[in-house]
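2 protein chains.
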Amino acid sequence: MKEDRVEQLTARLKDEGGRITSSRRAILRALVDSDGHPTAEQLTAEVKATHPALHESTVYRFLDELERLDVVDHVHLGHGPGVYHFTDDVHNHLVCDLCGSVTEIPSSVIEGLQQKLINEFGFEMEPRHFAVSGCCRDCAKKPTT
Amino acid sequence: MKEDRVEQLTARLKDEGGRITSSRRAILRALVDSDGHPTAEQLTAEVKATHPALHESTVYRFLDELERLDVVDHVHLGHGPGVYHFTDDVHNHLVCDLCGSVTEIPSSVIEGLQQKLINEFGFEMEPRHFAVSGCCRDCAKKPTT
DNA sequence: ATCTTTGCAAACTTTTTGCACCAAT
DNA sequence: ATTGGTGCAAAAAGTTTGCAAAGAT
Chain W
113 MKEDRVEQLT ARLKDEGGRI TSSRRAILRA LVDSDGHPTA EQLTAEVKAT
163 HPALHESTVY RFLDELERLD VVDHVHLGHG PGVYHFTDDV HNHLVCDLCG
213 SVTEIPSSVI EGLQQKLINE FGFEMEPRHF AVSGCCRDCA KKPTT
Chain E
113 MKEDRVEQLT ARLKDEGGRI TSSRRAILRA LVDSDGHPTA EQLTAEVKAT
163 HPALHESTVY RFLDELERLD VVDHVHLGHG PGVYHFTDDV HNHLVCDLCG
213 SVTEIPSSVI EGLQQKLINE FGFEMEPRHF AVSGCCRDCA KKPTT
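These protein sequences, in sequence, are chains W and E.
Reading the first sequence from the start, the letters are residues 113 to 257 in the numbering used here.
Reading the second sequence from the start, the letters are residues 113 to 257 in the numbering used here.
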């Protein structure tokens, strides 16, 4: 349940010494409700509908806090703003350079590479902060416009 | 020879209808000389030493032009400014989230993933615009500071 | 002479910060 | 009553743009 999710997270926040404000609850709601990869701006807009005074800086600050608690993570999908998602939603992103479409892929797809990087370079790839850019199936079909 | 490289590129530019100015030649020199991944800012600083009037916007515009000609490419290694490199210098980057170090890896390392993405998702990964973030060998050793 | 390219200043986008006020504990 | 969170405005940081002057062809 999405309600539960919000409650669970506010409890977590309280545990860590954080305070629960209506802004925060509303931002969490928006984050839980958005089944996608919202930007800070989109979250702000969403919450402003019911909470007009909310400022973008509050959203950024709260998202930072949530990142510190390892609850959310942000990814750069391309040149635009970063997008946020829950850390337990583990997957990776294929971003099309041409049309900007985002395809989620299960992390199993990249496990091979992950292992190789550890073996050969001692590098622990962070699969969450990782977007693969390229050209999606649809754009590959189209003649170069 | 690096001189040759600059000549070859100016010739290429001329072919495409571009004009060769002293700024452009100097930017190309700086790009050829830098054996790394210079940012637009670093290139500007470099060239300004001998060409003080140069403006950052000129560098950006010229780099855009070079990208259009598929001579250079830019990569986002992390949160900072983009870095530029010649497209024929094909390699990939491992960027450490903690210390920011950049490890170049041969593209052979990622060929497996590349093939998998084509087979499973019809997605043509663009290996040049692709940085893998994570934790490098050295930082993995250190206790979390 | 023409048409690019340049330098400049100013806008723009995304994110961060300083500060006084407000609100949760 | 504390202390942390908020709104605001302003500053960063990186990049782009409009424009008139300068320069390459």
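C-beta atoms are modelled at their ideal positions from N, C-alpha and C, and glycine is treated no differently.
Residue contact check for Glu216(W) against chain E: no CB pair falls below 8 Å. In the displayed model, Thr133(W) falls within coil according to three-state DSSP, outside both helix and strand. Contact check for Phe235(E) and Gly246(W): beta-carbon distance about 6 Å, within the 8 Å limit, so the pair qualifies. At a cut-off of 8 Å between beta-carbon atoms, Gly192(E) makes no contact with chain W. Neighbours of Ile222(E) in chain W, taken as residues at a C-beta separation under 7 Å, are given in chain order as Leu225. Neighbours of Glu232(E) across chain W, judged by C-beta separation under 9 Å: Ile217, Val221.
The Cβ-Cβ distance between Leu121(W) and Val183(W) falls below 8 Å. With a threshold of 8 Å between beta carbons, Gly212(W) makes no contact with chain E. DSSP places Phe233(E) in the helix class (H, G or I) of the three-state scheme.
With 16 or more other Cβ atoms inside 10 Å of its own Cβ, Ile139(E) counts as buried. Ranking Phe233(W), Val214(W), Thr215(W) by CA distance to the CA of Glu216(E) puts Phe233(W) first. When the five nearest sequence neighbours on each side are left out, the beta carbons in the same chain lying within less than 6 Å of the beta carbon of Cys251(W) are those of Cys208, Leu210, Cys211, in order along the chain.
Between Asn204(E) and Pro164(E), the gap from beta carbon to beta carbon reaches 8 Å or more.
Residue pairing by DSSP places Thr151(E) opposite Val195(E) in a beta bridge. When only Cα atoms are considered, Ser135(E) and Leu166(E) end up about 7 Å apart. Each of Met113(W), Gly148(W), Glu168(W), Thr133(W) was checked against the Cα of Tyr196(W), and the nearest Cα belongs to Gly148(W). When CB distances to chain W are screened at a threshold of 7 Å, the residues of the stretch 172–202 of chain E falling below it are His188, in chain order. Beta-bridge analysis with DSSP links Gly246(E) to Met237(W), Cys208(E). For Val118(E), there is no enclosing beta strand (DSSP E); the enclosing alpha helix (DSSP H) has its first and last residue at 114–127. For the stretch 138–154 of chain W, no residue has a beta-carbon sitting nearer than 7 Å to a beta-carbon of chain E. Listed by position along chain W, the residues whose Cβ is nearer than 8 Å to that of Ser169(E) form an empty set, because the closest Cβ is around 18 Å away.
Minimum Cα-Cα distance from Gly130(E) among the listed residues Glu153(E), Leu181(E), Leu143(E) corresponds to Leu181(E). If you compare the alpha carbons of Leu229(W), Pro150(W), Val214(W) with that of Arg249(W), the shortest gap goes to Val214(W). Interface criterion not met: the Cβ of His205(W) is under 8 Å from no Cβ in chain E.
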